[in-house]
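Engineer: In terms of the working numbering, the sequence shown is residues 29 to 268. We treat Cβ as the ideally placed atom computed from N, Cα and C, and that holds for glycine. Here you go, one structure.
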Amino acid sequence: MLSLFLEPRLLPNRLLSLCSLFTILKNPSSFQFKSRAVRNMSSDSAQRMFQLKLDPLTGNSEWVVIEENQTPEEKTKEPLLATTSYLDMLNDSHRNRAFRQAIDKTITKPCHVLDIGAGTGLLSMMAARAMGLDDSSTSYCPKGKVTACESYLPMVKLMRKVLRANGMDKKVRVINKRSDELEVGIDMSSRADVLVSEILDSELLGEGLIPTLQHAHDNLLVENPQTVPYRATTYGQDWQ
Numbered sequence: 029m030l031s032l033f034l035e036p037r038l039l040p041n042r043l044l045s046l047c048s049l050f051t052i053l054k055n056p057s058s059f060q061f062k063s064r065a066v067r068n069m070s071s072d073s074a075q076r077m078f079q080l081k082l083d084p085l086t087g088n089s090e091w092v093v094i095e096e097n098q099t100p101e102e103k104t105k106e107p108l109l110a111t112t113s114y115l116d117m118l119n120d121s122h123r124n125r126a127f128r129q130a131i132d133k134t135i136t137k138p139c140h141v142l143d144i145g146a147g148t149g150l151l152s153m154m155a156a157r158a159m160g161l162d163d164s165s166t167s168y169c170p171k172g173k174v175t176a177c178e179s180y181l182p183m184v185k186l187m188r189k190v191l192r193a194n195g196m197d198k199k200v201r202v203i204n205k206r207s208d209e210l211e212v213g214i215d216m217s218s219r220a221d222v223l224v225s226e227i228l229d230s231e232l233l234g235e236g237l238i239p240t241l242q243h244a245h246d247n248l249l250v251e252n253p254q255t256v257p258y259r260a261t262t263y264g265q266d267w268q
């Protein structure tokens, strides 16, 4: 079992509909998710899974789309590193609320936020809103900026649509690269002060978490960055 500490602690999962999730997030002081964004996110998602595969020849890993109706012969034979479904994460209101509260508590002044594995851009928009970069905010942080890094091109296209639907396409810079391909001075104007990332799977480390974070700390972040989430605790039980 995995327990994530997001300050406050992540609560147990409960799946709600996408419409319910966005209704919860929508309030006068936050960004507003429009109905077309919900449609964009939910289209075909229930029929697809994303698996992280390892290429035994190159040693590189990549995300591939797995359709529910695929036969085993149709699926790739590379070693499986991780499996995920974006829809489950989007439907998890407790998880998203915990991330939002942690981001609001962490980002209290103008800064550069890097979102690795940005997916639909949900956490990037939360970070932008925390700095007053969304159109609905009464305050504005001229030095604040958000860089969203996502390597999977179909998800990048979806993220751009979601950002545009919420009026935040000018507030978040989207980069279609792996995070270990980013270069300060080329892709990013400066090192980031805050790292926001949700590349955790149910086994914590299955999505290449440690090398990704190590590279980010060595090459993309300031000397003493803040991170969300900042700690994880795993629990084990003997099985007989």
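So for Gln254, helix, strand or coil by DSSP?
Structural biologist: Mapped onto the sequence shown, residue 254 falls at position 226. In this structure, Gln254 counts as strand in the three-state DSSP scheme.
Engineer: Can you give me the C-alpha to C-alpha distance between Ser217 and Arg201, rounded to a whole angstrom?
Structural biologist: Against the sequence shown, residue 217 aligns to sequence position 189. Against the sequence shown, residue 201 aligns to sequence position 173. If you take the alpha carbons of Ser217 and Arg201, they lie about 11 Å apart.
Engineer: Helix, strand or coil for Ala146? Go by DSSP, reduced to three states.
Structural biologist: Taking the sequence shown and counting its residues from 1, the one referred to as residue 146 is at position 118. Note: Ala146 maps to coil in three-state DSSP.
Engineer: Quick check on DSSP: helix, strand or coil for Ile131?
Structural biologist: Locating residue 131 in the sequence shown gives position 103, counting from the first residue. In the structure shown, Ile131 sits in a helix (DSSP, three-state: H, G or I).
Engineer: Do Ala176 and Gly149 come within 7 Å of each other at the CB atom, strictly closer than that value?
Structural biologist: Locating residue 149 in the sequence shown gives position 121, counting from the first residue. Locating residue 176 in the sequence shown gives position 148, counting from the first residue. The answer is yes: Cβ separation under 7 Å.
Engineer: One question on the structure: do Ile135 and Ser207 come within less than 7 Å of each other, judged by their Cβ atoms?
Structural biologist: What you label residue 135 is simply residue 107 of the sequence shown in a count that begins at 1. What you label residue 207 is simply residue 179 of the sequence shown in a count that begins at 1. Not in contact: Ile135 and Ser207 (Cβ atoms no closer than 7 Å).
Engineer: Does any heavy atom of the ligand ADP sit closer than 6 Å to the C-beta of Ser121?
Structural biologist: Inclusion of the ligand ADP in the displayed structure is not the case, the ligand content being empty and no account of it being possible.
Engineer: My assumption, with CB atoms under 8 Å, is that Leu223 sits in contact with Ala244. Please give the rounded CB distance.
Structural biologist: Against the sequence shown, residue 223 aligns to sequence position 195. Against the sequence shown, residue 244 aligns to sequence position 216. About 6 Å separates the two Cβ atoms, so the contact holds.
Engineer: For Asp246 and Glu209, I'd like the C-alpha separation in whole angstroms.
Structural biologist: Within the sequence shown, the letter at position 218 stands for residue 246. Within the sequence shown, the letter at position 181 stands for residue 209. If I take the Cα positions, the gap works out to 13 Å.
Engineer: Quick check: what's the CA-CA separation for Glu211 versus Lys133?
Structural biologist: Indexing the sequence shown from 1 puts residue 211 at position 183. Indexing the sequence shown from 1 puts residue 133 at position 105. Linking Glu211 to Lys133 through their CA atoms gives a straight-line distance of about 28 Å.
Engineer: To the nearest angstrom, report how far apart Asn119 and Glu251 are at their CA atoms.
Structural biologist: Here residue 119 corresponds to residue number 91 of the sequence shown, with the count starting at 1. Here residue 251 corresponds to residue number 223 of the sequence shown, with the count starting at 1. Going by the C-alpha atoms only, they are around 35 Å apart.
Engineer: Near Leu181, what residues of its chain come up, given a Cβ to Cβ distance below 7 Å and the 5 sequence neighbours on each side ignored?
Structural biologist: What you label residue 181 is simply residue 153 of the sequence shown in a count that begins at 1. Cβ within range, chain order: Asn204.
Engineer: Tell me, which residues are paired with Cys177 by DSSP?
Structural biologist: Reading the sequence shown from its first residue, position 149 is the one you call residue 177. Answer is Ile144 and Ile203.
Engineer: Considering only residues of the same chain and omitting the five flanking positions on each side of Arg128, which have a CB-CB separation below 6 Å?
Structural biologist: The sequence position of residue 128 within the sequence shown is 100, counting from 1. So the list reads Met154, once near-sequence residues are dropped.
Engineer: Quick check on Ile131: buried or exposed, where buried means 16 or more other Cβ atoms within 10 Å of its Cβ?
Structural biologist: For the purposes of this step, residue 131 is taken as the residue at position 103 of the sequence shown. When all chains shown are included, Ile131 counts as buried.
Engineer: Going by C-alpha distance, which of Lys137, Asp221 and Thr261 is nearest Leu233?
Structural biologist: The residue you call residue 233 lines up with position 205 of the sequence shown. Taking only the C-alpha atoms, the option nearest Leu233 is Thr261.
Engineer: Within this structure, are the beta carbons of His140 and Lys173 separated by less than 7 Å?
Structural biologist: As a position in the sequence shown, residue 140 is number 112, starting the count at 1. As a position in the sequence shown, residue 173 is number 145, starting the count at 1. Against a cut-off of 7 Å, the Cβ pair of Lys173 and His140 comes out as a contact.
Engineer: Using DSSP with H/G/I as helix, E/B as strand and the rest coil, what is Leu248?
Structural biologist: Your numbering for residue 248 matches position 220 in the sequence shown. Reduced to three states, the DSSP call for Leu248 is coil.
Engineer: Does DSSP classify Thr152 as helix, strand or coil?
Structural biologist: In the sequence shown, residue 152 corresponds to position 124, counting from 1. According to the sequence as given, residue 152 is Ser; it is not Thr. Ser152: helix per DSSP, three-state reduction.
Engineer: Considering just the uninterrupted stretch of the beta strand (DSSP E) at Ser218, what are its terminal residues?
Structural biologist: Stepping through the sequence shown from its first residue, residue 218 is reached at position 190. In the DSSP assignment, Ser218 falls outside any beta strand (DSSP E), carrying neither H nor E.
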